[in-house]
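Worksheet for the structure shown next.
2 protein chains.
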Amino acid sequence: MADSSYQDLRQLHLFEAMADDHFAALMRCAFVQTFPPQVELITEGDPSDFLHIVLSGAVDLFSIWNGRETSMATVRPISTFILAATIRDAPYLMSARTLEKSRIALIPSEEVRTVFGVDDGFARAIVSELAQCYRSVIKAQKDLKLRSSTERLANYLLRAQLRTGGQAEFHLGMEKRRLASVLGVTPEHLSRAFRGLQSHGVLAEGARIRIEDRSKLERYARPNPLIDDAAS
Amino acid sequence: MADSSYQDLRQLHLFEAMADDHFAALMRCAFVQTFPPQVELITEGDPSDFLHIVLSGAVDLFSIWNGRETSMATVRPISTFILAATIRDAPYLMSARTLEKSRIALIPSEEVRTVFGVDDGFARAIVSELAQCYRSVIKAQKDLKLRSSTERLANYLLRAQLRTGGQAEFHLGMEKRRLASVLGVTPEHLSRAFRGLQSHGVLAEGARIRIEDRSKLERYARPNPLIDDAAS
DNA sequence: CGCCCGGTTGACAAAACTCAATCCCCGTGG
DNA sequence: CCACGGGGATTGAGTTTTGTCAACCGGGCG
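Protein chains in written order, with numbering that gives the first Met the number 0: chain V, 0 to 231; chain W, 0 to 231.
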């Protein structure tokens, strides 16, 4: 593995506290691969052979049932996905595909579980990571069950503005059809939801979004730290 | 704490692998309390002062936003709730209330974190528990995003039948208004969804449900292990 | 007995989806 | 350089799903 990747990974919160030789052991059987966009990395239901880590690019976690598909989350550098499946040695609950050209590190799940069994710092880091993931999903579920689609879009835009640096004008990081899937609506409906937010100060021109008056949008969206704050 | 409660807790997967003296330390500052029905045990947004464990009865985890309320999960004996908040020392994301008269064990979060820091078996047990919780919520989210309300009800009934022992006739463990909230619909809509399932072999008379022909209902519901199986 | 409350029903309204047509950007190839 | 084609985005019309409001039913309990 390239030295730069090695260093990037070592600094991940997940690997920070573990013993050097255990980290080295993980890295020995890990490898990094670059994938073009739109490649399916894993398929739900498959056994979890590798822990995946996004080093660059972006990965979409999605799921299919009865011919319908929905996007569950986007994974951006540098973070892992399907940690829970790896730890429990259980099948993937979601599929994953690259959104852009992406560099992915793969660590055999077997080896992750072995090191988990012997390295206490690693075990505790995993607790922290999983607790974080759990709380994120709970927030997503509250978003889904308590808000209308337009309210979800409004709050999504408020979060996206912060994530991209807080400028009044920013760029949606994805196609609108995929944003629709993330929000749990059809692309047509999303289009109408955007129009519905015009009166609350949202200007959308393609993927470029402009929030004219954040506090006005907030009055409509009513963001809540227990749903929308990334931290905590 | 009563000796029987002590033994019950000790056998929990979460506490099984930990050192005796660490378990004893947790128990020393823990206490068990019995609550009547409909008591609010915790409120979302509050700091997570205690890890809660349901010893008997049942607890509803719910959440409120902008005047709307939704039921997120039901906790039945013997299991914990708000473990993630305790570990991260973060505010509760959900509120909790007793559904019936319930015995609840409370362990100060501070103490849980302390023992987590020193007992490796406990730390690993928490990993396993959190990974399980995480996967459960992911399944719930797939259920919500990929299925219509009637499909959710149909699959819920199939799961409930298995959970209660597999008899053709069984009892809903809760009021229908709460089931509606769990499924993310209004009580009126749930009522209509039940009627819609009559043609798929579901007979509902109050809280008593009868599934005339499970395979017929399954043809409609299309249950999927990656959404509906409790294990894995 | 009569009240209260959960459940059901009906009528209507709002939200969201479907299908089809069109637009428009962008990249390709002539 | 421009015409063409493809795919995402938008728009419109109509349908389905879900929610709202009000009325009513019926069992359990004081």
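Just so it is clear, CB atoms sit at the ideal spot from N, CA and C, and this is done for glycine as well. Quick caveat: nothing in here was measured; it's all calculated off a predicted structure.
Can you list, in chain order, the stretches of the beta strand (DSSP E) that have 3 or more residues and sit fully within the region 14-77 of chain W?
-> Taking only runs of at least 3 residues, the beta strand (DSSP E) segments lying wholly in the region 14-77 of chain W are 30-34, 39-41, 49-55, 58-64 and 67-74.
Residue-chain proximity (W/R221, chain V), Cβ-Cβ < 8 Å | Yes, its Cβ sits closer than 8 Å to a Cβ of chain V.
Spatially closest choice to V/A24 from V/V38, V/R9 and V/Q32, by CA coordinates = The shortest Cα separation from V/A24 among V/V38, V/R9 and V/Q32 belongs to V/R9.
Going by alpha carbons, who is nearest to W/I41 out of W/L92, W/I226 and W/R194?
-> Of the listed residues, the one whose Cα sits closest to W/I41 is W/L92.
Which chain V residues sit within Cβ distance under 9 Å of W/N65?
-> Neighbourhood of W/N65 in chain V, by CB distance below 9 Å: L145, R146, E150, R221 and N223, in chain order.
Quick one: grab the DSSP three-state call for V/E211.
-> It is coil, neither helix nor strand.
Establish whether the CB of W/R194 and some CB of chain V are separated by less than 8 Å.
-> In terms of beta-carbon proximity, W/R194 stays away from the interface with chain V, with every pair separated by 8 Å or more.
Anything in the region 202-222 of chain V with a Cβ closer than 8 Å to a Cβ of chain W? List those residues in chain order, please.
-> Against chain W - using a Cβ distance shorter than 8 Å - the residues of the region 202-222 of chain V are R221.
For my contact list, W/F61 and W/S70 are in at a C-beta cut-off of 8 Å; report their separation, rounded to the angstrom.
-> A Cβ-Cβ separation of about 5 Å places W/F61 in contact with W/S70 under the 8 Å criterion.
Is the shortest distance between the beta-carbon of W/I106 and the beta-carbons of chain V less than 8 Å?
-> For W/I106, the answer is no, since every Cβ of chain V falls outside 8 Å of its Cβ.
For W/V31, collect the residues of the same chain with a Cβ closer than 8 Å to its Cβ; drop the 5 residues on either side in sequence, then sort them by chain order.
-> In its chain, beyond the 5 residues on either side, M0, A1, S4, L54, R102, I103, A104 and L105 have a beta carbon closer than 8 Å to the beta carbon of W/V31.
Terminal residues of the continuous alpha helix (DSSP H) containing W/A130?
-> For W/A130, the enclosing alpha helix (DSSP H) starts and ends at D119 to L145.
What does V/A83 reach in chain W if we use C-beta pairs closer than 7 Å?
-> Correct list: A130, Y133 and R134.
V/H188 - containing alpha helix (DSSP H), residue span = It spans P186 to Q197 - the alpha helix (DSSP H) in which V/H188 sits, taken as one unbroken run.
Below 8 Å CB to CB, which residues in the same chain sit around W/A124 once its five sequence neighbours on both sides are set aside?
-> H12, L13, F14, E15, A16 and M17, listed in sequence order.
Using the C-alpha atoms, what's the distance from W/R162 back to W/S198?
-> Across the structure, W/S198 and W/R162 are spaced so that their CA atoms are roughly 23 Å apart.
Anything in chain V within Cβ reach of W/P35, meaning under 7 Å, just list it in chain order.
-> Ordered by position in chain V, no residue passes the 7 Å Cβ test against W/P35, which lies about 27 Å from the chain.
Taking V/D7 as the reference, give the member of V/S78, V/H21 and V/D45 with the closest Cα.
-> Out of V/S78, V/H21 and V/D45, V/S78 has the C-alpha closest to the C-alpha of V/D7.
Using only alpha-carbon positions, find the residue among V/R218, V/G44, V/L152 and V/G172 that is nearest to W/L225.
-> When each option's Cα is compared against that of W/L225, the closest is V/G44.
Rounded distance between the beta-carbons of V/T85 and V/L129, thought under 8 Å = The distance from the Cβ of V/L129 to that of V/T85 is about 11 Å, inconsistent with a contact at the 8 Å cut-off.
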